[in-house]
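The opening position of the sequence shown corresponds to residue 1 in UniProt numbering, with each subsequent residue numbered one higher. In this text, a Cβ means the ideal position worked out from N, Cα and C, and glycines have one as well. Remember, predicted model here, so these are calculated numbers, not experimental data. Reviewing the structure listed below.
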Amino acid sequence: MGAIATTRQAAIAVEEEAQYLTFMLGTEMFAIGILCIKEIIEYGNLTVVPMMPTFVRGVINLRGAVVPVVDLSARFGRQNSAITRRSCVVIIEANTEDGPAQDIGLLVDTVSAVLEIPASQIEPPPSFGAKIRADFISGMAKVDGKFVIVLEVDRVLSIDEMSQLAQASPAALEAESQ
């Protein structure tokens, strides 16, 4: 009987802990659940695409597939990330509302670690005061006495919202030139 209780407790503990990839943007640490992450690659061989929003740095060829690369810092309304030797592209699978999932690259300053964060260590997102849109944050985790912003990847990388911004970009440029 004791073995059954221990097994149940272990199953509950597994459900309450999830693994997250942590990374840095400037001096802030962010996290994304590892279930949507496909791989992490070195930054390089990027092809710039004209008339795209400033947060889309370009595209890469990933084993024959065209993958857009989004600069998360710029997506959050900050300056574009400075490219250093530690800059990485995290390839994730983003869900779309009406189509198949799409691979998207996230440009980050540096990848930190994969951490198991218990659900009890994740607080709800703040309603104000964050430096990024509140709907981009799924929670605030406390790791080693510091806050880690857990991102809501499907909101940050909403394919529909980003395509609307891309369509608005050429119109805005055209209006400015007149």
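{"Item": "Own chain, CB closer than 6 Å to F147, minus 5 neighbours either side, in chain order", "Value": "M140"}
{"Item": "Residue(s) in a DSSP beta bridge with Y20", "Value": "G33, L115"}
{"Item": "Assigned secondary structure, S158 (DSSP; H/G/I helix, E/B strand, else coil)", "Value": "coil"}
{"Item": "C-beta contact flag for F136 and L115 at 8 Å", "Value": "no"}
{"Item": "Inter-stretch contact at 8 Å, needing at least 3 Cβ pairs: the stretch 74–91 / the stretch 16–35", "Value": "yes"}
{"Item": "Contacts around G58, its chain only, beta-carbon distance under 7 Å, and the 5 residues preceding and following it disregarded", "Value": "L46, T47, V48, V49, V69"}
{"Item": "Proximity winner among Y43, F76, E17, N61, relative to residue 257 (alpha-carbon distances)", "Value": "This structure cannot settle anything about residue 257, because the visible part of the chain is limited to 1 through 178."}
{"Item": "Residues near C36 in its chain [Cβ-Cβ closer than 8 Å; skip 5 each side]", "Value": "I92, E93, A94, V153"}
{"Item": "Distance between L21 and V143 (C-alpha atoms, nearest Å)", "Value": "13 Å"}
{"Item": "Where A82 sits in the DSSP three-state scheme", "Value": "coil"}
{"Item": "Opening and closing residue of the alpha helix (DSSP H) in which R75 lies", "Value": "72–75"}
{"Item": "CB contact flag (S127, A134, <8 Å)", "Value": "yes"}
{"Item": "Reduced DSSP category for F136 - H, G, I as helix; E, B as strand; rest coil", "Value": "helix"}
{"Item": "Sub-8 Å separation of A74 and T54 beta-carbons", "Value": "yes"}
{"Item": "Local Cβ density within 10 Å of residue 206, reported as buried at 16 or more and exposed below that", "Value": "The displayed coordinates of the chain run from 1 to 178. Any statement about residue 206 would go beyond what the structure contains."}
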